[in-house]
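Structure first, then comments.
There are 2 protein chains.
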Amino acid sequence: MSEIIRSSNTTWHQATVTRGRREVLNGHKSYILWFTGLSGAGKSTLAHALEESLHRLGCRTFVFDGDNVRHGLCGDLGFSADDRQENIRRIGEMSKLIIEAGVIALTAFISPFREDRRRVRALVAPGDFVEIYCRADLAVCERRDVKGLYQRARAGEIPDFTGISSPYEEPEQPELMVDTGSDTLAACVEQVLGYLQQTGRLPEGADIRAHALA
Amino acid sequence: MSEIIRSSNTTWHQATVTRGRREVLNGHKSYILWFTGLSGAGKSTLAHALEESLHRLGCRTFVFDGDNVRHGLCGDLGFSADDRQENIRRIGEMSKLIIEAGVIALTAFISPFREDRRRVRALVAPGDFVEIYCRADLAVCERRDVKGLYQRARAGEIPDFTGISSPYEEPEQPELMVDTGSDTLAACVEQVLGYLQQTGRLPEGADIRAHALA
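The listed protein sequences correspond, in order, to chains A and B. Just so you know, my numbering puts 78 at position 72 of the first sequence, and the rest follows in order with no gaps. Just so you know, my numbering puts 27 at position 21 of the second sequence, and the rest follows in order with no gaps.
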């Protein structure tokens with residue numbers, strides 16, 4: 007039932023449905039899985055494959071990536087340094103709301119700067135932010151070049167391209183590092199699922215072998 | 007399993023966990039309940055009370071209101087006409103993502119302009135946007151003045167205050183109109199729950215009487 011709370015000059019209506027109650031209803035905790043790494047490292051592929059496994063395990067999930075953010079919520083932003091910072095800030099704020107809603111947020115953005123990632127981490131409680139470094143050598147990413155972006159960046163068509171003309175600042179203490187440059191997708195998914203289970207972030211008794219990638 | 011799809015020059019990794027699969031997992035549909043009305047009409051109170059009932063019925067819900075949006079995602083925005091429009095746009099985009107995540111979004115903002123509300127409606131599929139007009143006479147809202155804002159607006163301390171120095175454009179064809187100026191909170195909640203059940207938006211067999219406000 008909504009209660010009215012009075013505090014100094016402010017009156018507001020308390021939210022009685024809390025994150026805790028939502029987590030009980032869902033049967034699992036919520037948290038942010040923040041994938042960071044070079045373009046082409048496999049962040050989005052890993053996030054979506056992991057989401058598939060988590061969904062099969064009965065978890066509520068949502069992946070934020072360029073496809074659903076850059077055209078919508080951040081559609082007003084360009085690629086200047088300021089706009090990129092604002093982009094990451096909004097993704098952080100949105101992820102914070104999503105975990106408040108009881109949903110596991112998976113974010114797949116290069117997010118090359120330590121300070122930007124640190125700011126997002128500071129938005130939420132300890133344990134709510136799981137930084138996953140998708141490590142792949144620049145040479146590997148450039149060889150893959152799935153979107154043809156490296157070629158364009160080398161040709162000078164894309165300014166401030168991470169790894170080419172703008173730095174990527176490796177995480178110093180990520181919760182997890184996955185070797186997306188050399189390991190298979192299945193192995194990477196298994197590694198993340200194992201970590202989540204060890205740290206009590208999966209539904210009780212979840213059988214991760216049955217639900218990892220076949 | 008993640009699939010790679012190739013379309014002209016773009017390669018991306020398909021999201022296999024869809025809104026439809028999330029709705030099946032949750033046992034209910036997702037949609038936006040967009041509460042609009044004057045300051046003090048009772049939007050936030052109704053949204054939170056309704057959320058309590060929906061949660062008890064087993065629904066995943068999230069309320070967006072000034073408390074969790076103005077300090078976070080929209081913390082960079084002021085109260086100019088442009089900023090207010092951008093505020094509503096972002097809330098719309100965020101609600102779109104939340105329903106994509108399978109969660110029922112309840113938004114409690116004055117949102118005084120038809121054009122802003124129309125834009126949000128146009129962001130999502132027909133049926134995803136349920137506009138609920140919380141109707142209360144200005145005199146009633148001003149008498150309540152729970153936040154003391156009307157008094158400050160009358161004193162000229164708050165410019166462009168809806169109902170005083172800025173217009174409120176009533177919805178012309180809202181999905182629902184609730185008389186929050188005169189009906190009890192319980193009656194308003196019951197009315198909305200009844201509408202949601204009639205339109206197939208509650209879990210099958212939901213007993214709304216047992217879960218309405220006592």
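Beta carbons are placed, not taken as given, at the ideal position from N, Cα and C, and that holds for glycine.
{"Item": "Is any beta-carbon of chain A found at less than 9 Å from that of Thr22/B?", "Value": "yes"}
{"Item": "Leaving out five residues before and five after Phe41/A in sequence, what residues of the same chain have Cβ atoms less than 6 Å from its Cβ?", "Value": "Lys49, Ala53, Ala114, Ile138 and Cys140"}
{"Item": "Which runs of the beta strand (DSSP E) fall wholly inside the region 49-137 of chain B and span at least 3 residues, in chain order?", "Value": "67-71 and 110-114"}
{"Item": "Give a yes or no on whether 9 Å exceeds the smallest Cβ distance from Asp213/B to chain A.", "Value": "no"}
{"Item": "Mind listing the chain A neighbours of Val30/B? Cutoff is C-beta to C-beta under 8 Å, in chain order.", "Value": "Those do not exist, as Val30/B stays about 10 Å from chain A at its closest Cβ, beyond 8 Å."}
{"Item": "Please list, in chain order, all residues of the same chain as Val152/B whose beta carbon is under 8 Å from its beta carbon, the five residues on each side excluded.", "Value": "Gly46"}
{"Item": "Taking 9 Å as the threshold (C-beta atoms), are Leu83/B and Glu92/B in contact?", "Value": "yes"}
{"Item": "Could you check where the beta strand (DSSP E) with Val184/B kicks off and where it finishes?", "Value": "Leu182 to Val184"}
{"Item": "Along the alpha helix (DSSP H) that carries Val44/A, what are the first and last residues, could you check?", "Value": "The sequence given here places Leu at residue 44/A; Val does not occur at that position. Leu44/A -> no alpha helix (DSSP H), and no H or E assigned at all."}
{"Item": "Are Val4/A and Leu39/A close, meaning C-beta to C-beta below 9 Å?", "Value": "The requested residue 4/A does not occur in the structure, where chain A is confined to residues 7 to 220."}
{"Item": "Quick one: Cα of Arg288/B to Cα of Gln179/B, how far?", "Value": "Here chain B comprises residues numbered 7 to 220, so residue 288/B is not present and cannot be evaluated."}
{"Item": "Would you please state the rounded distance, in angstroms, between the beta carbons of Ala56/B and Leu112/B? I believe it to be under 8 Å.", "Value": "Residue 56/B is actually Leu in this sequence, not Ala. About 7 Å separates the two Cβ atoms, so the contact holds."}
{"Item": "When the cut-off is 9 Å and only beta carbons count, does Glu99/A lie next to chain B?", "Value": "yes"}
{"Item": "Consult DSSP for Tyr37/B and reduce its assignment to one of helix, strand or coil.", "Value": "coil"}
{"Item": "How is the alpha helix (DSSP H) around Arg158/A delimited, first residue to last?", "Value": "Leu155 to Arg160"}
{"Item": "Following the continuous alpha helix (DSSP H) through Gly200/B, name the residue where it begins and the one where it ends.", "Value": "Leu191 to Gln204"}
{"Item": "From Gly187/B to Gly43/B, what does the alpha carbon distance come to, in whole angstroms?", "Value": "10 Å"}
{"Item": "In chain B, which residues lie less than 8 Å from Val146/A when you measure between Cβ atoms?", "Value": "None at all; the shortest Cβ gap to chain B is about 16 Å."}
{"Item": "Between Asp213/A, Ile214/A, Ala212/A and Arg207/A, which lies nearest to Ile105/A when the distance is taken from Cα to Cα?", "Value": "Arg207/A"}
{"Item": "Is the beta carbon of Arg223/B sitting closer than 9 Å to the one on Arg125/B?", "Value": "The requested residue 223/B does not occur in the structure, where chain B is confined to residues 7 to 220."}
{"Item": "Cα-Cα, which of Asp143/B, Phe70/B and Pro118/B is closest to Ala87/B?", "Value": "Pro118/B"}
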